[in-house]
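Protein chains in written order, with this note's numbering: chain A, 1 to 337; chain B, 1001 to 1153.
Input: a single structure, listed below in structure tokens.
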Amino acid sequence: MAHRRPNFYYHLHSLTIPAREARPSYTFGLGGISLLLFLVLGITGVIEMFVYLPTPEGAHESIRQITYLAPFGWLLRNVHFWAGQLMVGTVILHMARVALSGGYKARRLNWLIGVMLLFLTLFLDFSGYVLRWDQDTAWALMVGTNLLKSVPGIGSALYRFVVGGEAIGAAALLRFYTWHVLGLALPAVVFVAWHIFRVRRDGGISHIEPAPRVDRQQLVRTELIAMLLTLVGLVALALLADAPLGPPADPTALVDKPQAPWFFLWIQELLRIGSTFVAGVLTPLLILLVLAILPYTLDRSDHGTARWFNRPGRFLQVVFLVIALGVALLTFRGTLR
Amino acid sequence: MQDHSMNRRRFLTLVAQGSLVTVVVAAASQVVRFLAFQPPNSASTILPVGQPDTYPRGSVAYVAEARVYVGHDGEGLYAVDAVCTHLGCLVEQGEEGGFICPCHDSRFDSEGRVLTGPATQPLRHLYLWLDPEQGQLFVDRSEPVEPTIRLIL
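What follows is the structure, encoded as structure tokens:
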């Protein structure tokens, strides 16, 4: 057989792969699955852009057209919705895997890029949620933007910057649409590419040296299987559960139980307890900051790479788990209401 | 040995770099101003809330178009803004005549005073008047009044 040059996909990996870390039981494929979901979101999102109307009068109606009239529109929207929900989950779990198995060691810049991607993922999801322009999302948007006003000094300027006027309206919807499809999506593409490039530049998946290595073919095979399983799961979800769509947003109607999207429920819970700025803006930002500087402060050692719950990173792991547990408990409390 | 003194090449490089930074900073700050631009607000803040006889003594009713509760107590008619002073959700009527915000559980009494947080400011009372020609009540959402003020007919 003639020698064939490897296709582009193979550029993601070096010729040989550390054997232990290439097994799915080390990474659970969470980074790769997040990447796949991101690609699915990009493709389905662009198709939706051909129909979706980013105006208060047209938004809800055009989503109903996508959902109930356009051929396979319901599937398209469901896949986009579920890929977005799943991606929040896989990105957070990926972060947990890297934190708990010392994957950030000797490659701390990539951890920072990852934190940036977490931020972008959350706000891509939130801006997408707003585009539904139904009763639930209208209140989430109202609360979320009013939070900005609580920032000392620059609050009202920040509000105008995000909302484009004195109150939520056509300008705000257009802005969230532009952030969603371009302002956040494009930086996300850049940071995803940088993130993957850094993995390759830092020597592939974090691993224990010296490592027995195997041909990359083995990892590629595992990745293809993981990809197929993810797509099967995604389509199954999309077939079984429809993306929600409430009645059109009406800023004058009383709503019984306005809820934040599930990944911001913990902030809604905090807002019931604390003062607006501290609970709604400062605490989430501080948590993000703490996450960002974790590998620069609590664990500066490069020993214990690729070992679950390695000793040098013990303090970092505890802090990470405490934050994760706190957010999880608040989220759980929010779902009980 | 390296020469640190200013020569022509170094000077021109500095000028070029400085110009580039200046242009980028100036453009970026104008982009921020562009995005924070606020178009003139044309929406009227004066809204009709119906006939006076739709509010019998002792009642408090929600008027959706104006986002206010119009009440009628022993002294007269008044309008309480339904927009929560915490983060802008619409408050609902509680069992004992007060108001509860469904978003973060702030509680207000029937006068709009804060009972429990997170809200720190009372609900606004809005200017309410009767237009004698139309026989209609109106509120002005941009005109808060003292909570003791009543419209006596």
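Ideal placement from N, C-alpha and C gives every residue a C-beta, glycine not left out.
Environment of residue i [buried if 16+ CB atoms lie within 10 Å]
i	result
residue 328(A)	exposed
residue 142(A)	buried
residue 1041(B)	exposed
residue 280(A)	buried
residue 150(A)	buried
residue 145(A)	buried
residue 135(A)	buried
residue 1055(B)	buried
residue 9(A)	exposed
residue 5(A)	exposed
residue 223(A)	buried
residue 1008(B)	exposed
residue 1006(B)	exposed
residue 225(A)	exposed
residue 1058(B)	exposed
residue 313(A)	buried
residue 268(A)	buried
residue 163(A)	buried
residue 7(A)	exposed
Within 8 Å, strictly: CB atoms of residue i and residue j
i	j	result
residue 133(A)	residue 173(A)	yes
residue 1115(B)	residue 1107(B)	yes
residue 1145(B)	residue 1049(B)	no
residue 1122(B)	residue 1104(B)	no
residue 88(A)	residue 332(A)	no
residue 1126(B)	residue 1113(B)	no
residue 101(A)	residue 337(A)	no
residue 283(A)	residue 1087(B)	no
residue 1060(B)	residue 1093(B)	yes
residue 1090(B)	residue 1065(B)	no
residue 105(A)	residue 305(A)	yes
residue 120(A)	residue 59(A)	no
residue 56(A)	residue 170(A)	yes
residue 33(A)	residue 178(A)	no
residue 1128(B)	residue 1052(B)	no
residue 14(A)	residue 204(A)	yes
residue 109(A)	residue 198(A)	yes
residue 241(A)	residue 96(A)	no
Neighbourhood of residue i by C-beta, 7 Å cutoff - its chain only, sequence neighbours within 5 removed
i	result
residue 112(A)	292
residue 246(A)	134, 135, 136
residue 214(A)	16, 17, 19, 22
residue 1068(B)	1049, 1079, 1080, 1081, 1082, 1126, 1139
residue 302(A)	105, 106
residue 62(A)	51, 52, 53
residue 75(A)	238
residue 1022(B)	none
residue 159(A)	145, 148, 149
Contacting residues, own chain, Cβ-Cβ under 6 Å from residue i (five flanking each side not counted)
i	result
residue 1(A)	Confidence at residue 1(A) is low in this model, with a pLDDT of 46, below 50, so the placement of that residue is unreliable and no value is reported for it.
residue 1071(B)	1060, 1078
residue 265(A)	331, 334
residue 227(A)	36
residue 1152(B)	1076
residue 165(A)	171
residue 1062(B)	1069
residue 202(A)	107
Cutoff 8 Å; reference residue i; Cβ partners in own chain excluding five residues on either side
i	result
residue 49(A)	181
residue 316(A)	99, 294, 295, 298, 299
residue 73(A)	51, 65, 66, 67
residue 1016(B)	none
residue 12(A)	196, 200
residue 155(A)	148, 149
residue 347(A)	Shown here, chain A extends from 1 to 337; a query on residue 347(A) therefore has no answer.
residue 1098(B)	1107, 1108, 1109, 1110, 1115
residue 216(A)	10, 13, 14, 15, 16, 17
residue 168(A)	138, 141, 142, 145, 251
Supposed close pair residue i, residue j - CB separation, criterion 8 Å
i	j	result
residue 288(A)	residue 330(A)	Actually they do not touch by this definition, with Cβ atoms about 16 Å apart.
residue 243(A)	residue 137(A)	Actually they are not in contact, since the Cβ atoms of residue 243(A) and residue 137(A) sit about 12 Å apart, beyond 8 Å.
residue 30(A)	residue 67(A)	30 Å between Cβ atoms; not a contact.
residue 35(A)	residue 190(A)	Rounded, the Cβ-Cβ distance is 14 Å, inconsistent with contact.
residue 1036(B)	residue 161(A)	5 Å
residue 188(A)	residue 117(A)	7 Å
residue 1147(B)	residue 1096(B)	Not quite, the Cβ-Cβ distance comes to about 18 Å (not below 8 Å), so this is no contact.
Exercise for the section: Count the C-beta pairs between the stretch 121-130 of chain A and the stretch 71-90 of chain A that are closer than 8 Å, then say yes if the count reaches three, no if not. Expected result: With the cut-off at 8 Å, the stretch 121-130 of chain A and the stretch 71-90 of chain A touch.
Handout entry: Validate contact between the stretch 5-21 of chain A and the stretch 202-210 of chain A using beta carbons, cut 8 Å, 3 pairs
Key = The stretch 5-21 of chain A, when compared against the stretch 202-210 of chain A, does touch it at the 8 Å Cβ threshold.
Problem - Contact between the stretch 248-256 of chain A and the stretch 35-43 of chain A (3+ Cβ pairs under 8 Å) - result: Taking 8 Å as the limit for Cβ pairs, the verdict is that the stretch 35-43 of chain A does not touch the stretch 248-256 of chain A.
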